[in-house]
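Enquirer: First, the structure itself, so that you have it in front of you.
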Amino acid sequence: MSRARQNLLVPFRRDRKRDFAVGSGAELLSSKVRQVLLTEGATPHSTGELPWRTSFGAGLSRLRHQRNDAVLAELARVYVRDALARWLPGVHLVQVRVEQGSAMLTLRVRVREHDVETIVEIAPLDF
36 MSRARQNLLV PFRRDRKRDF AVGSGAELLS SKVRQVLLTE GATPHSTGEL PWRTSFGAGL
96 SRLRHQRNDA VLAELARVYV RDALARWLPG VHLVQVRVEQ GSAMLTLRVR VREHDVETIV
156 EIAPLDF
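Okay, so the sequence shown: first residue is 36 according to the working numbering, each after it adds one.
This is the structure we're talking about:
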């Protein structure tokens, strides 16, 4: 019987034993995807959130204060696709569903890694 791979969950948090929390399966996959998508990478207008790896992230904040239309939804899909391909190459992007409200955007990202599949919701992105 093989043991499921475990790793630290990000953002870092404590478990009940006062140690850093670890996870596996869908919980770990969701954690990795959220870390990539919610980290601000370097853009022409920002230096990036992580000083030791400024380009890490998806740059979804570049979508703020833009017209919430079909073009914005497609840009969100492209940013998600490109960030996951670059920073999590072993993760297969199954689907990005964009739900638009009058002043917000919700992303539902379905991903698969090996035999684990999960949906990660990034909501709401305010505009």
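Note that CB positions come from ideal geometry on N, CA and C, so glycine has one too.
What three-state label does DSSP hand Ala118 in the structure shown?
Expert: Indexing the sequence shown from 1 puts residue 118 at position 83. Ala118: helix per DSSP, three-state reduction.
Enquirer: On a Cα-Cα basis, can you pick out the residue from Leu128, Asp117 and Met139 that is closest to Ala158?
Expert: Working through the sequence shown from its first residue, we reach residue 158 at position 123. That would be Met139, whose Cα lies nearest to the Cα of Ala158.
Enquirer: In whole angstroms, what separates the C-alpha of Ala77 from that of Val151?
Expert: The sequence position of residue 77 within the sequence shown is 42, counting from 1. The sequence position of residue 151 within the sequence shown is 116, counting from 1. A straight line joining the alpha-carbon of Ala77 with that of Val151 spans about 30 Å.
Enquirer: Pick out whichever of Ala105, Ala111 and Trp122 has its Cα sitting closest to the Cα of Ser96.
Expert: Within the sequence shown, residue 96 is the residue found at index 61, counting from 1. Comparing Cα-Cα distances from Ser96 to each of Ala105, Ala111 and Trp122, the minimum goes to Ala111.
Enquirer: Strictly by DSSP, which residues pair up with Thr141?
Expert: The count along the sequence shown starts at 1 and reaches residue 141 at position 106. Thr141 is bridged to Glu134.
Enquirer: Reducing DSSP to helix, strand and coil, say where Ser90 ends up.
Expert: Residue numbering aside, residue 90 sits at position 55 when the sequence shown is read from its first letter. In this structure, Ser90 counts as coil in the three-state DSSP scheme.
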